[in-house]
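S.K.: Sharing a structure here in structure tokens format.
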RNA sequence: GGAGGAGUGGCAGAGUGGCCGAAUGCGGCGGUCUUGAAAACCGUUGACCUUUAACGAGGUCCGUGGGUUCGAAUCCUACCUCCUCCGCCA
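In my numbering, the protein residues as written are 86 to 510.
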């Protein structure tokens with residue numbers, strides 16, 4: 086959520102931002118609601134002041150044993166007046182905040198302007214595309230032949246977009262999780278294992294609600310529970326409603342969780358394979374930073390995510406998302422895209438964003454600055470990495486002609502010494 | 001799942017219908033004293049919102065929401081969280 090004052094004073098900047106993001110918000114309605122809201126607040130508060138004075142007077146009169154019936158009558162009338170005005174105010178505030186909450190974040194000046202992913206800006210790349218003396222297979226063919234990935238049985242027990250990992254496949258997934266976490270911890274992140282179910286309040290805090298409910302799995306029953314679509318939700322909200330000491334910043338967390346996404350609206354996209362699943366594993370990096378150096382912290386976080394790809398020896402490129410491709414809450418986002426040989430293209434494997442104070446304002450995460458003022462922190466997060474897609478990259482980039490897959494060196498200790506995944510391993 | 005108990009300022013803890021935003025203690029901050037410090041003593045010490053050019057003025061907040069009342073931290077109600085006991089269970 087943007088600051089109300091900022092919105093009031095920068096209507097034209099917001100209009101421009103909305104255009105660059107190709108989204109629409111009825112700013113005139115918002116402006117109108119804002120002025121009506123403030124006018125009503127003044128009226129209500131005047132009446133309340135009157136009520137408070139009268140109430141005090143009645144107290145004194147009663148204590149002195151005097152009659153206060155006419156005052157009491159007037160109070161009754163004032164009370165009703167207040168009630169009516171407050172009902173109107175509540176309605177206006179509802180509408181006002183409903184609109185305010187749907188305004189996406191302002192983006193950083195360095196973000197390229199463009200309408201979709203084709204305008205994303207190349208930032209840098211690392212490594213080289215592997216060369217094969219044979220036609221590289223898709224990971225689903227490799228995985229099924231090696232009997233380490235089972236889509237059919239997953240479909241039987243759950244449905245489409247689920248997977249069963251077996252044997253060396255399951256172990257590879259677990260090895261990657263441990264390897265990623267160990268690497269991040271060594272670089273100063275605190276490991277967190279959060280709940281995989283959160284309440285709607287947390288979803289509001291990070292911006293999944295109210296706009297993107299259809300992307301989430303909501304649990305049945307009378308409790309308002311959702312399966313997390315990313316560890317960003319529980320981990321960022323760890324400090325919701327808190328005031329941190331400035332010298333605690335930056336706070337850096339690394340969390341492994343499964344992630345659950347309904348993938349509504351992506352029918353027909355990536356229907357085969359591990360790329361797009363309703364449930365996938367991810368190691369997430371989350372930082373709460375001082376506004377003054379949040380972009381440096383974003384760069385460092387991106388480097389930390391890239392380090393995993395480098396250690397795994399996977400070729401990738403990094404792009405800066407353009408205004409039209411940027412997520413709702415993000416001010417700036419780098420996507421890391423790993424090379425997928427069978428598709429002859431790069432696929433997103435991590436998304437690292439600075440949300441500035443957008444999430445912090447919603448979630449109420451503040452800190453005390455050098456001048457002892459309370460300010461909102463900047464929140465930053467990024468995948469480090471999406472584990473399922475890392476499995477895709479490893480299987481495809483490390484495949485051999487005979488259908489076996491070489492285990493990247495750094496993972497061998499995590500695989501119990503296994504150097505090559507072969508049939509029956 | 002059953003039976004009880006509790007949620008008040010940074011913390012501890014009083015307050016059971018009206019000068020209560022809230023006693024008191026601790027902590028924090030400022031000062032006196034001291035070569036310096038401690039102790040002692042004195043003073044001070046919440047957040048948010050509206051309004052104002054500013055000084056200031058006003059409003060809201062005692063777990064959360066609703067209700068009773070002229071008036072609620074205090075009464076009623078639902079919910080949430082925590083604690084104790086019993087049952088069940090990884």
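For every residue, glycine included, the Cβ atom is placed at its ideal position computed from N, Cα and C.
1) I need the boundaries of the beta strand (DSSP E) containing residue 224, first residue and last residue.
2) Please report the distance separating the alpha-carbon of residue 88 from that of residue 440.
3) For the candidate residues 195, 307, 116, whose alpha-carbon lies nearest to that of residue 404?
4) Could you spell out the range, first to last residue, of the beta strand (DSSP E) harbouring residue 457?
5) Determine the contact status of residue 321 and residue 273, defining contact as a CB-CB distance below 8 Å.
6) On the criterion of 16 or more Cβ atoms from any shown chain inside 10 Å, does residue 387 qualify as buried, or is it exposed?
7) Entirely within the region 201 to 286 and at least 3 residues each: give me those beta strand (DSSP E) ranges in chain order.
8) Taking the alpha helix (DSSP H) that residue 380 falls in, what are its first and last residues?
9) On the criterion of 16 or more Cβ atoms from any shown chain inside 10 Å, does residue 218 qualify as buried, or is it exposed?
10) Do residue 335 and residue 374 have their C-beta atoms within less than 8 Å of each other?
11) Who are the Cβ neighbours of residue 135 in its own chain at under 7 Å, not counting the five residues just before and after it?
12) Give the straight-line distance between the Cα atoms of residue 424 and residue 211, rounded to the nearest whole angstrom.
13) If you measure between the beta carbons of residue 341 and residue 363, is that distance less than 8 Å?
14) Give every residue of the same chain whose Cβ lies closer than 8 Å to the Cβ of residue 139, excluding the five residues on either side of it in the sequence, and list them in chain order.
15) Tell me, which residues are paired with residue 311 by DSSP?
16) Could you have a look at residue 155 and say whether DSSP puts it in helix, strand or coil?
17) Could you tell me whether the Cβ atoms of residue 443 and residue 102 are closer together than 8 Å?
18) Is DSSP giving residue 360 helix, strand or coil here?
19) Once the 5 residues before and after residue 365 are set aside, which same chain residues still bring their CB inside 6 Å of it?
20) Report the residue ranges of all alpha helix (DSSP H) runs contained in full by the region 401 to 443; include only those spanning at least 4 residues, in chain order.
21) Thinking C-beta only, is residue 325 closer than 8 Å to residue 453?
22) Whose C-beta lies closer than 8 Å to the C-beta of residue 109 among residues of the same chain, with five residues either side of it excluded?
23) Helix, strand or coil for residue 134 per DSSP?
24) Where DSSP assigns a beta bridge to residue 338, which residues make up the other side?
25) State the Cα-Cα distance for the pair residue 231 and residue 221, rounded to the nearest angstrom.
26) Spatial neighbours of residue 200 within its chain, please: C-beta separation below 7 Å, excluding the five flanking residues on both sides.
27) Nearest CA to the CA of residue 118: which residue from 182, 172, 145, 169?
28) What are the partner residues of residue 464, as DSSP defines its beta bridges?
29) I'd like to check one pair, residue 437 with residue 412: are the Cβ atoms closer than 8 Å?
30) Once the 5 residues before and after residue 153 are set aside, which same chain residues still bring their CB inside 7 Å of it?
31) Using only alpha-carbon positions, find the residue among 431, 137, 124, 509 that is nearest to residue 488.
32) Starting from residue 47, follow its DSSP beta bridges and name the residues at the other end.
33) By the three-class DSSP mapping on this structure, what secondary structure does residue 179 have?
M.R.: For this structure:
1) The residue given as residue 224 occupies position 139 in the first chain. Segment 224 to 230 is the alpha helix (DSSP H) holding residue 224; no beta strand (DSSP E) there.
2) In the first chain, residue 88 corresponds to position 3, counting from 1. In the first chain, residue 440 corresponds to position 355, counting from 1. Approximately 14 Å between the Cα atoms of the pair.
3) Sequence index remark: in the first chain, residue 404 carries index 319 (1-based). Cα-wise, what sits closest to residue 404 is 195.
4) On the first chain, position 372 is the one that residue 457 refers to. No beta strand (DSSP E) contains residue 457, which DSSP labels as neither H nor E.
5) Taking the first chain and counting its residues from 1, the one referred to as residue 321 is at position 236. Taking the first chain and counting its residues from 1, the one referred to as residue 273 is at position 188. Against a cut-off of 8 Å, the Cβ pair of residue 273 and residue 321 comes out as no contact.
6) Taking the first chain and counting its residues from 1, the one referred to as residue 387 is at position 302. Counting Cβ neighbours within 10 Å, residue 387 comes out buried, since at least 16 surround it.
7) For secondary structure counted as the beta strand (DSSP E) over 3 or more consecutive residues, the region 201 to 286 holds these complete runs in sequence order: 206 to 211, 275 to 277, 282 to 284.
8) Against the first chain, residue 380 aligns to sequence position 295. Membership of residue 380 in the alpha helix (DSSP H) is indicated by the continuous run 379 to 396.
9) As a working note, residue 218 is residue 133 in the first chain. Counting the other CB atoms within 10 Å of its CB gives residue 218 a total below 16, which places it among the exposed residues.
10) Looking up residue 335 in the first chain gives position 250. Looking up residue 374 in the first chain gives position 289. A contact, by the Cβ cut-off of 8 Å.
11) For the purposes of this step, residue 135 is taken as residue 50 along the first chain, with counting starting at 1. Around residue 135, the same chain offers 163 as residues with beta carbons nearer than 7 Å, after the five sequence neighbours per side are excluded.
12) In the first chain, the residue the question calls residue 424 occupies position 339. In the first chain, the residue the question calls residue 211 occupies position 126. Their Cα atoms are separated by approximately 10 Å.
13) Numbered from 1 along the first chain, position 256 holds the residue referred to as residue 341. Numbered from 1 along the first chain, position 278 holds the residue referred to as residue 363. Taking the C-beta atoms as reference points, residue 363 is found no nearer than 8 Å to residue 341.
14) As a working note, residue 139 is residue 54 in the first chain. Correct list, in chain order: 156, 159, 160, 163.
15) Mapped onto the first chain, residue 311 falls at position 226. Per DSSP, 283, 303.
16) The count along the first chain starts at 1 and reaches residue 155 at position 70. Here residue 155 sits in helix by DSSP.
17) Start at 1 with the first residue of the first chain, and residue 443 comes out as number 358. Start at 1 with the first residue of the first chain, and residue 102 comes out as number 17. No, the Cβ-Cβ distance between residue 443 and residue 102 is not below 8 Å.
18) If you number the first chain from 1, residue 360 lands on position 275. In the structure shown, residue 360 falls within a coil segment according to DSSP collapsed to helix, strand and coil.
19) Counting from one through the first chain, the residue named residue 365 turns up at place 280. The beta carbon of residue 365 sits closer than 6 Å to the beta carbons of 344, 473 from its chain, once the five residues preceding and following it are set aside; these are given in chain order.
20) Runs found: none.
21) Here residue 453 refers to the residue found at position 368 of the first chain. Here residue 325 refers to the residue found at position 240 of the first chain. Against a cut-off of 8 Å, the Cβ pair of residue 325 and residue 453 comes out as no contact.
22) Taking the first chain and counting its residues from 1, the one referred to as residue 109 is at position 24. Cβ contact annotation for residue 109 (same chain, cutoff 8 Å, sequence separation greater than five): 103, in chain order.
23) For the purposes of this step, residue 134 is taken as the residue at position 49 of the first chain. Note: residue 134 maps to helix in three-state DSSP.
24) What you label residue 338 is simply residue 253 of the first chain in a count that begins at 1. Its beta-bridge partners are 275, 371.
25) The residue given as residue 231 occupies position 146 in the first chain. The residue given as residue 221 occupies position 136 in the first chain. Their Cα atoms are separated by approximately 15 Å.
26) Here residue 200 refers to the residue found at position 115 when the first chain is read from its first residue. Closer than 7 Å at Cβ, skipping near neighbours: 107, 409.
27) Stepping through the first chain from its first residue, residue 118 is reached at position 33. Of 182, 172, 145, 169, the residue nearest in Cα terms is 182.
28) The residue you call residue 464 lines up with position 379 of the first chain. Answer by DSSP bridge pairing, in chain order: 373, 441.
29) Here residue 412 refers to the residue found at position 327 of the first chain. Here residue 437 refers to the residue found at position 352 of the first chain. Not closer than 8 Å, so no.
30) Here residue 153 corresponds to residue number 68 of the first chain, with the count starting at 1. Closer than 7 Å at Cβ, skipping near neighbours: 143, 146, 147.
31) Here the question's residue 488 lines up with position 403 in the first chain. Distances from the CA of residue 488 to each of 431, 137, 124, 509 were compared; the closest alpha carbon is that of 509.
32) Lying before the first or after the last residue shown, residue 47 is absent from the chain, which here runs from 86 to 510.
33) Taking the first residue of the first chain as 1, we reach residue 179 at position 94. Helix at residue 179.
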